[in-house]
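Residue numbers (the UniProt record's numbering), protein chains in the order written: chain A, 1 to 456; chain B, 1 to 456; chain C, 1 to 456; chain D, 1 to 456.
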């Protein structure tokens with residue numbers, strides 16, 4: 001096979017790879033790269049371990065991809081963008097995989113397009129495992145043997161591959177949660193949920209406005225850390241003073257919204273949102289269902305009564321906005337969120353570290369701890385809807401070349417979310433990270449932090 | 001679990017169980033029943049053996065059911081209709097299976113409805129195997145131990161279960177053929193296709209008309225063999241003299257139709273058919289595709305160049321009708337077909353007997369043998385579209401009671417097919433057998449036998 | 001304009017022209033033809049007279065055509081099939097009308113296709129009137145002046161034009177009834193409904209079976225009257241003895257069906273019908289609505305409380321079949337209906353003659369008169385659903401040539417109705433007339449006559 | 001009729017009334033109000049004058065409303081919001097009109113919902129004229145007779161009614177343009193297009209950034225002029241320096257884009273836009289069609305060859321964005337646009353004044369005049385797509401009370417357009433005016449002004 005045309009790379013609407021500036025990654029030493037490579041790759045396999053071949057095959061709606069597709073697609077990334085161009089005597093593991101696991105190809109025809117991923121039973125889960133092992137061996141070999149010049153050249157792409165795979169680790173969990181939710185046997189992915197904790201009151205934190213800067217500080221080659229290009233450039237923005245809730249909206253508070261007719265009062269809703277409420281019969285968050293008058297919630301830990309102290313999750317932007325209107329508040333802008341989060345300092349550590357046994361981990365947002373004058377639950381619980389549409393930053397220019405060609409493509413019709421969630425791999429998110437989904441999306445782990453104008 | 005309400009039994013649009021008159025089956029001895037039970041049940045498992053858990057999970061379109069669903073549904077039939085009412089201390093293997101594998105429930109809600117069968121990853125293929133074994137053991141015990149009176153009572157239902165399972169054996173193969181057809185890896189279900197044989201010319205056989213009788217001779221308790229109730233009552237019909245082609249239309253002949261603009265000439269088509277041609281871009285039989293100017297056909301033996309001597313298959317009624325118009329002929333009525341087939345005597349023997357290794361069998365229509373003055377290919381190659389709508393016979397009355405309640409339900413909007421096909425289990429079809437599909441269906445193994453008025 | 005290609009003529013799914021055998025019409029004298037021409041054409045304009053330009057413009061669903069389209073289309077027929085070929089120095093009134101009013105063109109693109117007829121505001125109702133006058137003048141001139149040879153040649157086409165226009169007279173009323181039904185102002189097309197009359201009991205009439213003949217006796221050139229080719233050939237059919245109700249099912253009887261859960265009991269319905277009941281929320285005949293617990297019916301005379309003595313109308317085949325099942329009866333086959341109707345002698349006279357003022361006529365089925373040992377309400381009230389699919393008669397062959405090319409096109413997926421209705425022009429229907437609609441159609445004036453097997 | 005509940009008022013997705021702060025209008029003297037009332041109302045009738053009753057009835061797609069609906073709806077506004085509350089002994093002209101012309105009711109059921117406006121043939125165009133006259137007379141009476149206190153109270157609502165009616169004047173023209181575009185007779189609304197003028201080159205104007213203010217200066221009661229509430233509050237925003245093209249993109253430039261594969265190169269398009277290009281077969285602006293290799297454009301003046309010097313119009317946001325990408329530029333933000341427009345001073349005068357005869361006016365964007373160092377074509381030619389999503393300004397709060405209840409409802413999923421177009425009534429637009437449409441809308445008169453970052 002000729003080296004695949006990198007111009008064709010696009011990860012698809014769900015994958016949302018934004019590329020990096022090609023020279024922006026620190027030329028880490030080969031040893032470190034190999035070690036991080038192994039770590040990232042092993043984590044994907046641990047996440048898939050509890051899932052049967054049948055589980056890994058199902059695509060429960062067009063937005064969802066099968067587990068084995070995720071496992072293969074991230075592998076295809078390394079094979080195509082690293083091995084094909086750098087491995088001596090490169091030969092594809094399986095030529096047809098290039099079509100099956102290349103998300104770009106969804107665009108050119110219905111047959112192997114995104115909604116058809118669930119009909120491709122072969123290669124099976126075990127075959128995908130062999131594909132992964134093969135590419136892992138070849139990647140180790142390559143990274144062990146390349147000269148320093150080549151290493152410097154490919155390090156940024158390998159680094160991008162790590163972050164790409166981490167995105168798919170989160171998607172894999174989001175997607176399998178949806179798959180299992182449709183099964184009346186109420187299957188469980190892992191252990192049991194965290195024990196309930198007492199509710200803590202919501203406090204408001206005040207932030208001065210003024211001329212602030214947002215966006216990532218700069219890319220790696222200028223001494224910064226990794227970022228996607230949609231976080232660039234860092235730029236000035238004028239903010240009026242504002243206030244943010246110090247924790248997320250809870251399930252208990254959401255039940256009050258429901259009890260007060262929240263899903264039946266047109267005046268609370270954006271017009272498009274009200275259309276969805278009626279067309280799709282929304283009356284509670286996505287994974288809630290009522291059994292004999294009691295609300296239950298589908299989680300990766302099984303189906304449990306809704307815990308009122310936990311943050312509400314799996315609500316659309318429309319629901320988040322209607323809730324804020326009902327509460328007499330509003331959602332934060334992404335600039336307000338980032339400015340406040342940055343003031344608080346690096347928060348990545350608040351993401352739960354993960355052990356090697358996924359079945360004993362918690363895969364659900366946790367209750368807020370006691371109020372402490374800081375923004376609680378910034379990372380690691382729920383992605384937080386903002387009131388900002390996903391648009392390019394002033395001065396944004398797509399990176400030259402192949403990967404960059406598709407950078408801004410999704411900057412239309414979607415809303416920005418900030419933070420991170422219980423399914424986000426540790427270390428993946430940051431204050432400047434811009435996640436995005438259409439306003440009606442409900443299967444990501446999304447929650448609500450209220451905001452208000454200052455001086456009220 | 002309380003014994004399930006038999007009034008709820010309906011096998012769904014695809015399954016099309018038509019019930020039997022409850023007392024119509026010969027009270028075979030228990031030993032024979034057990035032995036036939038084992039035979040039928042084992043054949044289903046042999047058919048599934050080449051299929052991976054992933055293969056068995058996929059539902060490639062709403063009309064298709066996953067292999068493991070077929071395997072479980074036919075088992076549910078015996079558990080529900082035989083064990084639940086007759087097994088002492090009956091307890092369901094798994095209560096939820098009743099919902100998952102009861103095709104009636106497709107009607108009551110979207111969640112576990114027919115189009116959602118492909119999202120239910122659990123129980124997996126192996127779990128279904130355990131369900132089958134459990135029911136098989138309990139069925140053997142029951143049949144071994146029941147007194148003669150009970151045996152007489154349940155024999156008809158068990159017999160119906162055999163024919164029901166045989167229908168699903170054919171559906172299982174039809175469905176997995178569709179699943180595998182969408183996979184660009186071009187998977188193979190079994191061995192290789194039969195070797196090509198020389199084409200033989202088409203001859204016409206003449207049949208006198210007059211007042212004839214069609215329909216099954218009568219049910220078992222009157223000394224006849226098994227039949228579905230839609231084959232009853234036997235009744236008189238007036239036929240003008242007619243002619244039938246002595247073999248099916250071949251791929252080679254179909255290529256002439258294509259070459260002569262068959263799919264582009266509106267005047268050849270029924271109005272609804274022409275709509276489908278245009279809306280769905282039909283330009284050849286369902287499983288044909290053109291690669292570098294050569295027609296290939298997807299089969300259960302893989303993808304092969306179209307063999308011009310084999311009968312054309314996987315064409316809709318609309319295509320069959322358009323072909324007949326193009327050829328200056330017509331399709332036979334079901335009465336003409338049955339009358340002619342009955343004159344020729346029992347044809348079931350023309351279905352290929354099957355060995356125990358499905359991978360060495362032929363799962364595709366075979367070429368016609370040399371002309372011999374008889375109707376060749378009547379059974380065992382392609383179901384043959386007739387020009388008759390699927391309607392009740394004069395005097396048809398649904399059987400009293402539960403199963404009979406749903407007998408005539410599908411007698412609307414479908415066309416009758418006669419004969420049998422390469423996927424039909426040996427001994428399942430007969431001259432009076434009425435198969436039926438909507439005029440646009442293309443995934444069953446359907447072919448064309450031409451007819452003409454007599455005296456031309 | 002070159003004479004339009006007659007091969008393109010097709011009147012569309014609604015118009016359902018079936019053509020005639022070209023030489024099958026009596027070569028009436030020119031004078032008679034002109035006089036009948038004037039009569040038929042004038043009746044169309046009288047029917048349109050109560051309708052405003054706005055009324056005449058609306059297309060309320062894809063099956064409905066605007067009044068002014070009907071008026072123009074039937075005019076186009078005479079211009080295209082008579083004038084274009086026979087008028088010396090023919091020149092089209094307006095070239096573009098050929099596209100706008102040629103129902104064939106619905107097939108070739110979305111822009112001027114059937115569902116778009118309601119967006120063509122020009123030519124307006126008045127312009128269509130000028131088109132009609134122009135063609136009428138030219139037709140009179142032509143018929144006055146042609147020699148006998150030409151007259152003989154075109155008489156059959158002119159005759160077909162009459163029957164074509166009569167079909168559209170009925171469609172015009174069916175369609176405007178639907179248009180007005182959607183208007184909350186409850187508009188009235190004409191006068192007031194007929195006064196209520198006492199209900200009369202239903203009696204059963206017995207008919208012997210045997211070898212009978214159905215189909216039209218033969219076309220005009222063999223001394224018969226006009227018929228469409230789908231009524232040919234007359235042929236033999238074997239009937240078992242049967243019984244027919246001597247009147248149509250009434251609104252009062254239908255209310256009992258509703259009260260007994262008729263629309264909620266799956267076991268009464270064909271599978272496809274049950275799907276429609278649920279998908280479209282059917283709970284009563286098409287034009288019924290309940291206001292404060294009382295059933296009202298939209299008619300061309302306005303909205304009135306449902307009169308229990310009138311025949312039920314605007315029910316689909318599915319509803320008719322479910323009602324018959326509920327009543328323990330069945331629908332008649334078309335052969336049974338025609339055989340019985342023919343025995344009773346010509347019935348066309350039962351259609352109400354019409355005066356010149358449409359606003360004082362009754363445009364709704366009337367109550368059955370007193371029982372008199374005959375089949376009451378055979379013509380002129382409701383088209384009667386049969387249990388027969390619309391298929392070609394044995395020996396049916398499309399007429400050679402242009403018009404005949406499309407004859408059998410609609411013989412797929414529809415059910416036969418027999419009789420005639422309150423909107424059918426007097427003299428249009430006959431015992432052998434085969435009307436047809438899809439089983440789900442509810443906007444034609446359709447009713448139910450029950451049948452039963454003999455000897456019960 | 002009881003006074004209608006003002007809480008129900010909403011003008012629908014297309015009408016997009018945004019309400020005003022109720023006390024924000026100058027209490028003009030009654031005389032002035034009456035005179036302006038007459039002027040606004042008369043203009044609507046002049047716009048409708050060239051349209052036949054049939055033209056006024058058609059709804060060519062769900063987004064379009066019939067002319068007679070527009071004429072009635074704006075009348076309903078005055079009847080409901082002014083007369084019902086202030087007219088002594090108020091009685092509705094026709095009670096049912098409240099349902100038919102109340103755009104709120106589209107939300108509560110399918111029958112009289114927005115997409116069904118085209119099936120309501122009655123009241124006809126003439127009846128609507130009588131409704132208008134009646135309300136006009138009563139409004140004159142009311143305004144003539146009320147005391148000053150009441151006048152002060154209702155003046156703001158009457159003023160809102162003017163702006164509401166002006167919005168519908170533009171919509172009426174937009175909509176009838178679409179209706180007529182589907183008619184193969186190529187109807188003409190008015191006169192002939194403006195004569196061609198020479199093309200003028202595009203120049204760039206530079207603007208400094210910094211901390212700027214945008215938004216309307218404040219409402220009338222604070223001494224300002226009328227504005228909608230979505231233009232408030234005026235607020236600070238930080239802008240980097242930028243450049244704007246001094247004229248709109250021309251048809252000639254767009255042809256270069258087409259010739260360079262603009263509609264076939266995925267890399268130029270936003271992902272959602274590329275989906276539309278493929279799903280809907282976009283290959284040129286909305287009203288363009290190619291005849292024998294020449295591009296023609298449907299206009300209100302008929303169908304004419306595309307004039308390369310005129311601004312391109314009827315392009316979606318997706319197309320505008322793709323064009324800008326192709327040109328190596330970008331679209332302006334709404335803040336950039338408003339800041340630059342405000343610097344240039346009031347521009348409303350650039351809208352063409354209108355005479356009393358609509359048939360001699362120009363209803364199409366005009367060519368740019370000679371370059372003169374200013375932003376040409378800011379108002380009165382094409383609405384200009386910006387890169388800004390339609391979101392609330394910082395500090396935006398819906399006005400208290402009824403009308404304000406629905407203010408922010410449409411701030412989701414739409415893009416902002418600035419300026420005004422050839423169909424906008426003179427005096428209606430202003431620099432702070434925020435128009436908005438979904439990114440895929442093509443039937444408004446939309447064009448493209450390019451922008452770029454400063455310092456390039």
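Heads up, the beta-carbon is just placed ideally off N, CA and C, and yes, glycines get one too. Here the structure is a predicted model, which is why all the values come from computation and not from measurement.
Option nearest residue i by Cα separation, candidates the options
i	options	result
residue 242 of chain D	A:409, A:68, A:395, A:431	A:395
residue 389 of chain A	A:85, A:61, A:418	A:418
residue 159 of chain B	B:82, B:55, B:437, B:184	B:82
residue 362 of chain C	C:282, C:421, C:71	C:421
residue 304 of chain D	D:147, D:251, D:376	D:251
residue 188 of chain C	C:360, C:412, C:415, C:413	C:360
Neighbourhood of residue i by C-beta distance below 8 Å, restricted to the same chain and skipping five residues each side
i	result
residue 117 of chain C	59, 65, 66, 69
residue 255 of chain A	295, 306, 308
Close beta carbons around residue i, own chain, < 7 Å, minus the five adjacent residues each side
i	result
residue 136 of chain D	41
residue 333 of chain C	386, 387, 388
Buried versus exposed call for residue i [16 or more other C-beta atoms within 10 Å across all chains shown]
i	result
residue 292 of chain B	exposed
residue 31 of chain D	exposed
residue 472 of chain A	A question about residue 472 of chain A goes unanswered here, because the residues of chain A that appear run from 1 up to 456.
Inter-residue spacing [alpha-carbon to alpha-carbon] between residue i and residue j
i	j	result
residue 9 of chain C	residue 102 of chain C	Here residue 9 of chain C scores only 33 on pLDDT, less than 50, and its place in the model should not be relied on; the value that follows carries that caveat. Each residue's alpha carbon lies about 7 Å from the other.
residue 313 of chain A	residue 169 of chain A	19 Å
residue 51 of chain B	residue 178 of chain B	13 Å
residue 53 of chain D	residue 393 of chain C	47 Å
residue 331 of chain D	residue 171 of chain D	25 Å
residue 109 of chain B	residue 318 of chain C	Model confidence at residue 109 of chain B stands at a pLDDT of 41, short of 50, so the residue's coordinates are unreliable and nothing is read from them.
Proximal residues to residue i (C-beta, below 6 Å), its chain only, five neighbours per side dropped
i	result
residue 151 of chain C	30
Q: Jot down the residue ranges of each uninterrupted alpha helix (DSSP H) in the stretch 322–346 of chain C, minimum 4 residues, whole runs only, in chain order.
A: Runs of the alpha helix (DSSP H) inside the stretch 322–346 of chain C: 334–344.
Q) Which whole runs of the alpha helix (DSSP H) in the stretch 274–325 of chain D are 4 residues long or more, in chain order? A) Runs of the alpha helix (DSSP H) inside the stretch 274–325 of chain D: none found.
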